[in-house]
Ligand SMILES: Cc1ncc(COP(=O)(O)O)c(C=O)c1O
Ligand SMILES: [Zn+2]
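Written as structure tokens, this is what we have:
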């Protein structure tokens, strides 16, 4: 293992990785950022060595993963395609538009990269009970990885969790509890999860850095893969569907690491995207505010159900990434999200849930505003499959019902 130390993102207290810390002892909601011995990593983490490796999900990049790969699940996350979206790009007006298609993961969202690492760490630490607060994707992912590794999983989800996600959770054998939203600006699932950590000693594994620093390292591999798929170069822009900001944090970390290791020379501009019904992080970025000034959204609301965290727990690193890379942030409207889901499916054959498609809506907006232009190279992360909540977009009532006769078909066609 190449982890050198862990450092709290708030109070800068340093921790010995051998003690397997999870939370900062100062209770300051800091994330224990993982620092590797990059000189040692560099001895084997080179272009030629990586290109020779078989795809093994997040473990392809084992030097920069904080868990021994002996504890890995065989489910096989990651190694997702980078699709050149020529038809969608043509319609939007940008020639080099690429989709990192994260719908192909074992439970159909990018969260599998995070939970592959978080759950393996629980096994490495000898823990049995794992607990998560999530709007659905991270929970169903943790449930699958728990099933695969023999862990007991409890998931706290919102009252109106989507049926696709709830059924995954139940069938993977998790204990699932829906929790009522009672107080504005707070996520009650997170509060309850932390009570079980303190009172019952369970291992917290949500996809928020301040409550589990290990899982942050999984989604980094999206960027390692993307850079390798682009011939060790970076695009001009990366669009990131954003709720808690943990994915954006991982992306920023991966970019810094690749540059430090000399594998890339510059950064793409990072663009977090949120729905206008829950945009605390985007608002702070657009208003030039610091992370400390971020105000939680009082009552988040959007069809992008995976992006409804009222508070961006990992917004500090997301903001730093956006500012350092010269990026920006975008809020998109409900109608724009619906339109993006349809365009992705109709023009590219990629079926995304609303949360997974917001990046496409944001590309369209930045093209209209002249921030993006036709010659830019753009990567959009498509983070989860539309099969999880198809009812948000389509209904069988829209399908015509005909008699089994060719004449009926002809009448319909005319
Ligand atoms: C489909 C999808 N995309 C993106 C995100 C955003 O990730 P983060 O909360 O790390 O910002 C989520 C989070 O739940 C999600 O479910
Ligand atoms: Zn701290």
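Numbering (our numbering), first residue to last: 923 to 1336.
Backbone N, C-alpha and C fix where the C-beta goes; we use that ideal spot for every residue, glycine too.
Practice prompt. Measuring from each Cβ to the nearest heavy atom of ligand 2, keep the ones under 6 Å and list them in chain order.
Written response: 930, 932, 933, 935, 946, 948, 950 and 952
Worksheet entry | N- and C-terminal bounds of the alpha helix (DSSP H) containing residue 1252 | No alpha helix (DSSP H) contains residue 1252, which is instead part of the beta strand (DSSP E) from 1252–1254.
Worksheet item: Cα separation between residue 1069 and residue 1077?
Response: 13 Å
Worksheet item: Since residue 1035 and residue 1143 are thought to touch, with beta carbons under 8 Å apart, how far apart are those beta carbons, to the nearest angstrom?
Response: 6 Å
Worksheet item: With respect to the alpha helix (DSSP H) encompassing residue 1045, which residues constitute its N-terminal and C-terminal limits?
Response: 1033–1046
Worksheet entry | Option in 1058, 1013 and 1206 with minimal Cα separation from residue 1265 | 1013
Worksheet item: Quick one: what's residue 976 bridged to in DSSP?
Response: For residue 976, which the question treats as bridged, DSSP gives no partner whatsoever.
Worksheet item: Does the beta-carbon of residue 1167 have 16 or more other beta-carbons within 10 angstroms, so that it is buried, or is it exposed?
Response: buried
Discussion item. In chain order, what are the residue ranges of uninterrupted alpha helix (DSSP H) at least 4 long that sit wholly in the stretch 1194–1225?
Written reply: 1202–1208
Practice prompt. State yes or no: is the C-beta of residue 1219 nearer than 7 Å to some heavy atom of ligand 4?
Written response: In the structure shown, ligand 4 is absent; the only ligands present are ligand 1 and ligand 2.
Discussion item. Taking only three categories from DSSP, how would you classify residue 994?
Written reply: coil
Item to complete: Count the other C-beta atoms from every protein chain shown that fall within 10 angstroms of the C-beta of residue 995, then say buried if there are 16 or more, exposed otherwise.
Response: buried
Worksheet item: If you drop the 5 nearest sequence neighbours on each side, which residues of the same chain put their C-beta closer than 8 Å to that of residue 1269?
Response: 1007, 1009, 1010 and 1013
Worksheet item: Got a sec? Which residues, its chain only, sit under 6 Å from residue 953 by beta carbon, not counting five neighbours each side?
Response: 931, 1131, 1132 and 1135
Item to complete: Going by DSSP, name the residue or residues bridged to residue 1259.
Response: Residue 1259 pairs with nothing; no bridge assigned.
Fill in: Rounded separation between residue 1305 and residue 937 - CA only
32 Å
Practice prompt. Quick one: grab the DSSP three-state call for residue 1173.
Written response: helix
Discussion item. For residue 989, count the other beta carbons within 10 Å of its own beta carbon; 16 or more makes it buried, fewer makes it exposed. Which is it?
Written reply: buried
Fill in: CB of residue 1039 within 8 Å of CB of residue 980, strictly
yes
Discussion item. Using CA atoms only, rank isn't needed, just tell me which of 1067, 1197, 1193 and 1240 is closest to residue 1214.
Written reply: 1240
Discussion item. Pop quiz: residue 1293 and residue 1018 are said to be a contact at Cβ under 8 Å. What is the actual Cβ separation, rounded to whole angstroms?
Written reply: That belief does not hold up - the Cβ atoms of residue 1293 and residue 1018 are roughly 16 Å apart, past 8 Å.
Discussion item. Here's the rule I'm using: 16 or more other beta-carbon atoms within 10 Å means buried, otherwise exposed. How should residue 1047 be labelled?
Written reply: exposed
Item to complete: Would you mind sorting residue 1179 into buried or exposed? The rule is 16 or more other CB atoms within 10 Å of its CB.
Response: buried
Discussion item. Let me check understanding here. Comparing Cα to Cα, which of 963, 1310 and 971 lies closest to residue 1183?
Written reply: 963
Worksheet item: What number of angstroms, rounded off, separates the C-alpha of residue 1101 from the C-alpha of residue 1334?
Response: 46 Å
Discussion item. Taking 7 Å as the cut-off, is the C-beta of residue 1028 nearer than that to any heavy atom in ligand 1?
Written reply: no
Item to complete: Please find out if some non-hydrogen atom of ligand 1 comes closer than 7 Å to the beta-carbon of residue 1064.
Response: no
Discussion item. Is residue 1198 near ligand 1 - that is, is its Cβ less than 7 Å away from at least one heavy atom of it?
Written reply: no
Practice prompt. Tell me, please, whether the stretch 1061–1075 touches the stretch 1143–1156 by the rule of three or more beta-carbon pairs shorter than 8 Å.
Written response: no
Worksheet entry | Span separating the alpha-carbon of residue 1123 from that of residue 955 | 22 Å
Worksheet entry | Three-state secondary structure assigned by DSSP to residue 1051 | strand
Worksheet item: Which class does residue 1030 belong to by DSSP, given the choice of helix, strand or coil?
Response: coil
Fill in: residue 1162 - DSSP class collapsed to helix/strand/coil
strand
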